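Worksheet: the structure to be examined is printed underneath.
Number of protein chains: 2
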Amino acid sequence: MAVQTVASSTDSVNLGPAAALSCRECGHRVPLGPVFACEECFGPLEIAYDFSGYDTEELRKRIEAGPANIWRYAPLLPVPADVADKPNLNPGWTKLVQADNLARELGVTGGLYVKDDSGNPTHSFKDRVVAQALEAARVFGFTTLSCSSTGNLAGAVGAAAARAGFRTCVFIPHDLEQGKIVMAAIYGGDLVGIEGNYDDVNRFCSELIGDPAGEGWGFVNVNLRPYYAEGSKTLAYEIAEQLGWRLPDQIVVPIASGSQLTKIDKGLQELIKLGLVEDKPYKIFGAQAEGCSPVSVAFKAGNDVVRPQKPNTIAKSLAIGNPADGPYVLDIARRTGGAVEDVTDEEIVDAIKLLARTEGIFAETAGGVTVGVTRKLIENGVLDPAKTTVVLNTGDGLKTLDAVAGTGLTATIRPNLDSFREAGLA
Amino acid sequence: MAVQTVASSTDSVNLGPAAALSCRECGHRVPLGPVFACEECFGPLEIAYDFSGYDTEELRKRIEAGPANIWRYAPLLPVPADVADKPNLNPGWTKLVQADNLARELGVTGGLYVKDDSGNPTHSFKDRVVAQALEAARVFGFTTLSCSSTGNLAGAVGAAAARAGFRTCVFIPHDLEQGKIVMAAIYGGDLVGIEGNYDDVNRFCSELIGDPAGEGWGFVNVNLRPYYAEGSKTLAYEIAEQLGWRLPDQIVVPIASGSQLTKIDKGLQELIKLGLVEDKPYKIFGAQAEGCSPVSVAFKAGNDVVRPQKPNTIAKSLAIGNPADGPYVLDIARRTGGAVEDVTDEEIVDAIKLLARTEGIFAETAGGVTVGVTRKLIENGVLDPAKTTVVLNTGDGLKTLDAVAGTGLTATIRPNLDSFREAGLA
Numbered sequence: 001m002a003v004q005t006v007a008s009s010t011d012s013v014n015l016g017p018a019a020a021l022s023c024r025e026c027g028h029r030v031p032l033g034p035v036f037a038c039e040e041c042f043g044p045l046e047i048a049y050d051f052s053g054y055d056t057e058e059l060r061k062r063i064e065a066g067p068a069n070i071w072r073y074a075p076l077l078p079v080p081a082d083v084a085d086k087p088n089l090n091p092g093w094t095k096l097v098q099a100d101n102l103a104r105e106l107g108v109t110g111g112l113y114v115k116d117d118s119g120n121p122t123h124s125f126k127d128r129v130v131a132q133a134l135e136a137a138r139v140f141g142f143t144t145l146s147c148s149s150t151g152n153l154a155g156a157v158g159a160a161a162a163r164a165g166f167r168t169c170v171f172i173p174h175d176l177e178q179g180k181i182v183m184a185a186i187y188g189g190d191l192v193g194i195e196g197n198y199d200d201v202n203r204f205c206s207e208l209i210g211d212p213a214g215e216g217w218g219f220v221n222v223n224l225r226p227y228y229a230e231g232s233k234t235l236a237y238e239i240a241e242q243l244g245w246r247l248p249d250q251i252v253v254p255i256a257s258g259s260q261l262t263k264i265d266k267g268l269q270e271l272i273k274l275g276l277v278e279d280k281p282y283k284i285f286g287a288q289a290e291g292c293s294p295v296s297v298a299f300k301a302g303n304d305v306v307r308p309q310k311p312n313t314i315a316k317s318l319a320i321g322n323p324a325d326g327p328y329v330l331d332i333a334r335r336t337g338g339a340v341e342d343v344t345d346e347e348i349v350d351a352i353k354l355l356a357r358t359e360g361i362f363a364e365t366a367g368g369v370t371v372g373v374t375r376k377l378i379e380n381g382v383l384d385p386a387k388t389t390v391v392l393n394t395g396d397g398l399k400t401l402d403a404v405a406g407t408g409l410t411a412t413i414r415p416n417l418d419s420f421r422e423a424g425l426a
Numbered sequence: 001m002a003v004q005t006v007a008s009s010t011d012s013v014n015l016g017p018a019a020a021l022s023c024r025e026c027g028h029r030v031p032l033g034p035v036f037a038c039e040e041c042f043g044p045l046e047i048a049y050d051f052s053g054y055d056t057e058e059l060r061k062r063i064e065a066g067p068a069n070i071w072r073y074a075p076l077l078p079v080p081a082d083v084a085d086k087p088n089l090n091p092g093w094t095k096l097v098q099a100d101n102l103a104r105e106l107g108v109t110g111g112l113y114v115k116d117d118s119g120n121p122t123h124s125f126k127d128r129v130v131a132q133a134l135e136a137a138r139v140f141g142f143t144t145l146s147c148s149s150t151g152n153l154a155g156a157v158g159a160a161a162a163r164a165g166f167r168t169c170v171f172i173p174h175d176l177e178q179g180k181i182v183m184a185a186i187y188g189g190d191l192v193g194i195e196g197n198y199d200d201v202n203r204f205c206s207e208l209i210g211d212p213a214g215e216g217w218g219f220v221n222v223n224l225r226p227y228y229a230e231g232s233k234t235l236a237y238e239i240a241e242q243l244g245w246r247l248p249d250q251i252v253v254p255i256a257s258g259s260q261l262t263k264i265d266k267g268l269q270e271l272i273k274l275g276l277v278e279d280k281p282y283k284i285f286g287a288q289a290e291g292c293s294p295v296s297v298a299f300k301a302g303n304d305v306v307r308p309q310k311p312n313t314i315a316k317s318l319a320i321g322n323p324a325d326g327p328y329v330l331d332i333a334r335r336t337g338g339a340v341e342d343v344t345d346e347e348i349v350d351a352i353k354l355l356a357r358t359e360g361i362f363a364e365t366a367g368g369v370t371v372g373v374t375r376k377l378i379e380n381g382v383l384d385p386a387k388t389t390v391v392l393n394t395g396d397g398l399k400t401l402d403a404v405a406g407t408g409l410t411a412t413i414r415p416n417l418d419s420f421r422e423a424g425l426a
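Going down the list, the sequences are from chains A and B.
Just so we're aligned: 204 in UniProt numbering is position 204 of the first sequence, and the numbers increase by one with no gaps anywhere.
Just so we're aligned: 241 in UniProt numbering is position 241 of the second sequence, and the numbers increase by one with no gaps anywhere.
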């Protein structure tokens, strides 16, 4: 991991309550800047905040009076106070769907909710994280936004950059499906295919950051990663506020790098510390596909170390074989009394159909993973059906149509009533 | 057109302010019921309301305190007052995007906004209309929801019915693209392929309504059409409220059957009558694809009659060659001082890319039609760039990927800096 020097003077950095970067491993603090690894121990840097001076009820009122997007939580994010006035996609404040039909099917009696992030502008939770990276890029004076991606992120970066007036140069494996290339290319920036797999793309991006050619470039998931990652906290804030400023008892989160799960925990902890919700126990459950289940395997084996896997699953947006935040996910699942579980590709498809059939929500494969894992955890007696449970759907089924391509017509008939009756549909 | 008898006693019909059905042609009134054609003259029936007793400022407050979906306007829709408590997809309250970048490209100085209905639950405006039909179906005691569709509507009906607990039986041409079949089938109801084209599907549905086999079936766009169509009024309400209870000067609306445009006009007129906005002139512009432009052709020729066309355009969701509301669209365009214009398939693709590149909105082909027509109307001096203008995007680009399939990689490189430099991207 390359440690980049801070490009601009940090005296002028205005990212709201963000006070510094702090190493998750050794606690070493550095000023806010486009850096992502600790200069002391190479651990990951994350945002440290100064929330002092916040009055709980004033803060709650300010949030409730805010816009119907993530910027209602600007006082808790690494963004300038006037962020809502700057051109961006205004993601978030997606629906928390009370899933009574699904609850009946799964035997949940304590209240079941689906946090449906397919309602975001580019139809995945990535809009939340990209929006944070964008503000950091503005503050640090970057003029080009970049990332390595297998699809969803490329679209989210392309769309956000278009609205905000940034140049983009996004890197993807050259042999992605045509549909994903279109979704990423439509926003008109440079889209570069790399002859190699996603690991090759990542390695190349790290090389580019250290090179003069990459100067002035903000890689949302590399040198802007500490800012980017905080966007997932907004999922926690919204869930709690939409439940009436109440913590859920149980929450089921998909695991790719594991970052989202750790930031949801961070967000819930902040709400408790700020007095916005009652301090009560909650359990966080991680969900993986069997074909890419390094964290689930480690959890079940009682290991602290996550052994990398070579992914082979239809849940491609979760297919990170060596998840950077895997050990932190294990910590959180164990500390909160949760668990990490995985489901097969067949169970993922079944769960996508179950969610669509019961709630009218067409989820990406990642949503099939969380719903499938929820069902499995209930069957195994690990998740308590009498408790309030929130399941995340982080993307849209329109992006992973191939996974359910077998779904089709009930019948084919000629356009007359006799043919209709013969088909037994009356 | 078959005239169906009213299935249930209308004494018990509670659809809020909806008072009766009224013939658009002869004014003949009939009680609320699942009928769609006048028994006197076979003209189309539409909802007549009783808005008496509304106090303007009370109504405004009630709306503003309502939920962030179409049900904030329940007092103005044919739905029971407690509609928001019933399980449904809660569509609407989509973003009105201030499109400053697009405005610069098009030379608009008076304020340009995109009403982006891709933010609806199934990513098209169809969720608005289906939600109304669903409430009517509940009230009339239907247990099966049905429709004829070429894709978008089938998905909207499937999703809404799943959430609300209706059985569905949806009819589509049997040879639709596999992706559209998946989008419609995923919600688990019956999806029946008809050996024939969309006209054959429509004719079959009309036959089924008159047959005992179709008893208890609500066809959202046939026998529930008067209720269904009112959903488009919510676009007008939202635009005005999101502009700060102000009418836009100009609004560009796509034309398929023409129903949406007529209901937007109806909605704006209601806001004026209710005193919720200032009574001032506005112009409504209709947008078609050249390959299916019967209304545009009639407008330009100065005709009152719309001559049917055989559609041939990539804008398939607008490809209705014999639009039922065509004459009403002509009336409204002429009365308000608007116009109807069309663009070629090439201009549609260019406009999709323009909107994506400037505002990060990936529109369906129908959105390409409205943006393309807006550009053309400005170039021709018909649309005034100094006035506040709203352009509708009624669907999502993910649903019409084929239309922009040529969009692709800027470059393909090997994963090293030399290859990157050779490509001239630095």
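Note that CB positions come from ideal geometry on N, CA and C, so glycine has one too.
Bear in mind the structure is a predicted one, so any value in this text is a computation, not a measurement.
Query, Result
"Which first and last residues belong to the alpha helix (DSSP H) in which B:Y198 is found?", "198 to 209"
"If you scan the region 158 to 184 of chain B from start to end, which runs of the beta strand (DSSP E) of 3 or more residues do you find wholly inside it?", "167 to 173"
"Cβ closer than 8 Å: which chain A residues qualify as neighbours of B:H174?", "L409, T412"
"Which same chain residues, not among the five before or five after B:D396, have their C-beta less than 6 Å away from its C-beta?", "S118, H123, E364"
"Does the Cβ-Cβ distance between A:F204 and A:T394 come in under 7 Å?", "no"
"Quick one: is A:K280 buried, meaning 16 or more other Cβ sit within 10 Å of its Cβ, or exposed?", "exposed"
"A:V340 to A:K300, Cα distance in whole Å?", "8 Å"
"Tell me which same chain residues have a C-beta within less than 6 Å of the C-beta of B:N152, skipping the five on either side of it?", "S124, K126, S317"
"In this structure, does DSSP put A:L383 in helix, strand or coil?", "coil"
"Under 7 Å Cβ to Cβ from A:L142, same chain only, skipping five residues before and after it: list those, please.", "A quick correction: the sequence has Phe, not Leu, at residue 142 of chain A. So the list reads G216, W217, G218, once near-sequence residues are dropped."
"Indicate whether at least one CB of chain A lies closer than 7 Å to the CB of B:D82.", "no"
"Does DSSP put A:N101 in a helix, a strand or coil?", "helix"
"Kindly indicate the opening and closing residues of the alpha helix (DSSP H) around B:P327.", "326 to 336"
"Flag A:Y187 as yes if its beta-carbon sits less than 7 Å from any beta-carbon of chain B, otherwise no.", "yes"
"Residues of chain B with CB closer than 9 Å to the CB of A:R421, please, in chain order.", "A213"
"On the three-state DSSP scale, how would you describe A:K243?", "Reading off the sequence, residue 243 of chain A comes out as Leu, not Lys. Looking at A:L243 - three-state DSSP - the assignment turns out to be coil, as it is neither helix nor strand."
"Taking 7 Å as the CB-CB limit, is B:E359 close to chain E?", "Absence of chain E from the displayed structure is noted, the protein chains being A and B."
"At least one CB of chain A closer than 7 Å to the CB of B:L145: is that the case?", "no"
"Taking only three categories from DSSP, how would you classify A:V35?", "coil"
"Can you give me the Cβ contacts of A:E359 inside the same chain, cut-off strictly under 8 Å, excluding the 5 residues immediately before and after it?", "V97, A99, N101, L102, V114"
"Hey, how far is the Cα of B:G275 from the Cα of B:V373?", "32 Å"
"Flag this pair as yes or no: are the beta carbons of A:Y198 and A:A162 separated by less than 7 Å?", "no"
"Against chain A, with Cβ distances strictly below 7 Å, would B:I255 count as a contact?", "no"
"For chain A, find out if any of its Cβ atoms is closer than 7 Å to the Cβ of B:G372; answer yes or no.", "no"
"What is the DSSP secondary structure of B:Q250, counted as helix, strand or coil?", "strand"
"Going by C-alpha to C-alpha distance, which of B:T410, B:A403, B:W71, B:P34 sits closest to B:K233?", "B:W71"
"Between the Cα of B:L176 and those of B:G189, B:L32, B:A154, spot the shortest distance and give me the residue it belongs to.", "B:A154"
"Taking C-beta pairs closer than 8 Å, name the residues in chain B that A:L208 reaches, listed in chain order.", "L417, F420"
"Kindly list, in the order they appear in chain B, the residues whose Cβ is closer than 7 Å to that of A:C169.", "L425"
"Comparing C-alpha positions only, which one of A:S12, A:F42, A:V369, A:R334 sits nearest to A:N303?", "A:R334"
"Where does A:I413 fall in DSSP's three states?", "strand"
"Checking 7 Å against the spacing of the C-beta atoms, do B:D342 and B:Q288 come in under that value?", "yes"
"With distances taken Cα to Cα, identify the nearest neighbour of B:G338 among B:D384, B:V182, B:I63.", "B:D384"
"Beta strand (DSSP E) containing B:V391: first to last residue?", "389 to 393"
"May I ask whether a heavy atom of the ligand COA can be found less than 6 Å away from the beta carbon of B:D190?", "Looking for the ligand COA in the displayed structure turns up nothing, as the structure carries no ligands at all."
"In chain order, what residues of the same chain have a beta carbon less than 8 Å from the beta carbon of B:L398, not counting five sequence neighbours either side?", "H123, F362"
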